[in-house]
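Chemist: Structure in structure tokens, see below.
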Amino acid sequence: MVIKKEDRVNLQRPNLRGGEGTLLMGNALLEADLPSSFKLVAEFTIDPGCSIGKHDHTGNTELYFITDGEFTVYDNDEKVIMRTGDMMFTGNGGTHSIKNEGTKPCKVLGVIVND
13 MVIKKEDRVN LQRPNLRGGE GTLLMGNALL EADLPSSFKL VAEFTIDPGC SIGKHDHTGN
73 TELYFITDGE FTVYDNDEKV IMRTGDMMFT GNGGTHSIKN EGTKPCKVLG VIVND
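If you want it as structure tokens, here you go:
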């Protein structure tokens, strides 16, 4: 299946998961557009000071792949600095959050698969 960029949606997500600011969820493929094993595939642009709040994953697993920039993440309450090229998995039952504490917009690819 080929899905062209122009066929994907761009969404503004204010205070995502209780986070700060508004994120751009770009080129998103949502659950209805994906095979049943997937919940979400999207590139998030996170401006300075913006974040995705702490949340858990129940019945699914998320992969973050940092495509541009530097983020502070909490992986099951452990604070870690992630940079371009780094990846993080949050498995079923795990928690995480992500924040751009820098001065430039940053990007992360998020993929959520159902367990």
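Per our numbering: the sequence shown = residues 13 to 127.
Every residue gets a Cβ at the ideal spot worked out from N, C-alpha and C, and that includes glycine.
I'd like to know whether the C-beta atoms of Asp80 and Gly106 end up nearer to each other than 8 Å.
Modeler: Their beta carbons are not under 8 Å apart, which means Asp80 does not touch Gly106 by this criterion.
Chemist: Assign Lys116 to one of three DSSP states: helix, strand, or coil.
Modeler: Coil.
Chemist: Does the Cβ of Val8 have 16 or more other Cβ atoms within 10 Å, making it buried, or fewer, making it exposed?
Modeler: Outside the shown range of the chain, which is 13 to 127, sits residue 8, and nothing can be said about it.
Chemist: With C-beta atoms as the reference, is Gly71 less than 8 Å away from Gly30?
Modeler: Taking 8 Å as the Cβ cut-off, Gly71 and Gly30 do not qualify as a contacting pair.
Chemist: Tell me the start and end of each unbroken beta strand (DSSP E) in the stretch 43-119 that is at least 3 residues and wholly inside, in chain order.
Modeler: Complete beta strand (DSSP E) runs here, min 3: 50-58, 63-68, 72-80, 82-87, 90-95, 99-102 and 107-111.
Chemist: Apart from the five residues on each side of it in sequence, which residues of its chain come closer than 6 Å, Cβ to Cβ, to Val123?
Modeler: Contacts found: Val53 and Leu75.
Chemist: Which class does Gly30 belong to by DSSP, given the choice of helix, strand or coil?
Modeler: Correct three-state label for Gly30: helix.
Chemist: Since Met37 sits in a beta bridge, which residues does DSSP pair it with?
Modeler: The partner list for Met37 (beta bridge, DSSP) reads Leu23 and Phe56.
Chemist: Using the C-alpha atoms, what's the distance from Met13 back to Leu35?
Modeler: Taking the straight line joining both Cα atoms gives about 28 Å.
Chemist: By a C-beta neighbour count over all protein chains shown, 10 Å radius and 16 as the cutoff for buried, is Met94 buried or exposed?
Modeler: Met94 should be labelled buried.
Chemist: Would you kindly work out how many angstroms separate the C-alpha atoms of Glu32 and Phe77, rounded to a whole number?
Modeler: Cα to Cα, Glu32 sits roughly 20 Å from Phe77.
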